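Trainee: Take a look at this one; I'll ask things after.
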Amino acid sequence: MAKEYKLSPERLKELQDELNYLKTVREKEVAELLKEARSFGDLSENSEYDEAKNEQGKLHSRLAELEDILSNYVIIEEDDDGGEYVRLGSTVTVLDKEFDEELTYKIVGSQEADPMNGAISEDSPFGRALLGKNAGDDVTVDAPGGLVEYTLLKVER
Numbered sequence: 005m006a007k008e009y010k011l012s013p014e015r016l017k018e019l020q021d022e023l024n025y026l027k028t029v030r031e032k033e034v035a036e037l038l039k040e041a042r043s044f045g046d047l048s049e050n051s052e053y054d055e056a057k058n059e060q061g062k063l064h065s066r067l068a069e070l071e072d073i074l075s076n077y078v079i080i081e082e083d084d085d086g087g088e089y090v091r092l093g094s095t096v097t098v099l100d101k102e103f104d105e106e107l108t109y110k111i112v113g114s115q116e117a118d119p120m121n122g123a124i125s126e127d128s129p130f131g132r133a134l135l136g137k138n139a140g141d142d143v144t145v146d147a148p149g150g151l152v153e154y155t156l157l158k159v160e161r
């Protein structure tokens, strides 16, 4: 069974655009780099050729990754069932009890995670601990550095 990737409609469009760019523009650029590097002669001592082959490998790796994601994705539904609990797509405000600091995060699928910009994966320890919780609940996260305690202050869709 292939892994399902949970994507927002915006992220799906970004990945489709990236795949299109890689197939239409970047593939031609890399092919041109290879052609140019071959023209320098002996391939066994040709660093330009080695670099172009590395670039080609990275390109094909990313293409395979994108094609896998785009053939196994599920769109995150923005349905509003009236519940104010944490689910994929929720924006949460939590109080870090240790530092008495309010933090705001959006719960997203793993392909959209960007912790430095407040997008937390539902697959992360923090994301898993928050799923299904309501405002006012205390949440304990089993983080690599030990248990961290939060109070869930607000849940928004």
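Each residue of the sequence shown is one higher than the one before, starting from 5 at the first, in the working numbering. For each residue, glycine too, the CB sits at the ideal point set by N, CA and C. These figures come from a predicted structure and were not determined experimentally.
Give me the Cα-Cα distance between THR28 and ALA68, rounded to the nearest whole angstrom.
Mentor: 15 Å
Trainee: CB-CB under 6 Å to VAL34, same chain, minus the five flanking residues each way: which ones, in chain order?
Mentor: GLU59, GLN60 and LEU63
Trainee: Could you check what DSSP says for GLY149 in three-state terms: helix, strand or coil?
Mentor: Correct three-state label for GLY149: coil.
Trainee: Secondary structure at GLU8, three-state DSSP: helix, strand or coil?
Mentor: Three-state DSSP puts GLU8 in coil, outside helix and strand.
Trainee: Whose C-beta lies closer than 6 Å to the C-beta of LEU47 among residues of the same chain, with five residues either side of it excluded?
Mentor: TYR53
Trainee: Who are the near neighbours of ALA139 in its chain, counting only those whose CB is closer than 7 Å to its CB and skipping five residues on each side?
Mentor: GLU88, LEU156, LEU157, LYS158 and VAL159
Trainee: Which residue marks the beginning of the beta strand (DSSP E) containing SER114, and which one marks its end?
Mentor: SER114 -> no beta strand (DSSP E), and no H or E assigned at all.
Trainee: Check PHE104 in the structure and name its three-state DSSP category.
Mentor: Residue identity differs from the one stated: residue 104 is Asp in this sequence, not Phe. Coil, per DSSP.
Trainee: For TYR77, report the span of its beta strand (DSSP E) as first-last.
Mentor: 77–79
Trainee: Which partner residues of ILE73 appear in the DSSP bridge assignment?
Mentor: According to DSSP, which records beta bridges pairwise, ILE73 is partnered with nothing at all.
Trainee: Report the residue from GLY93, GLU36, ALA117 and ASP72 whose alpha carbon sits nearest the alpha carbon of ALA56.
Mentor: Of the candidates GLY93, GLU36, ALA117 and ASP72, the one whose C-alpha sits nearest the C-alpha of ALA56 is GLU36.
Trainee: Are LEU134 and VAL90 touching if we call contact CB-CB under 7 Å?
Mentor: yes
Trainee: Candidates ASP72, PHE44, MET120 and ASN50: which alpha carbon is nearest LEU16's?
Mentor: Ranking the options by Cα distance to LEU16, first place goes to ASP72.
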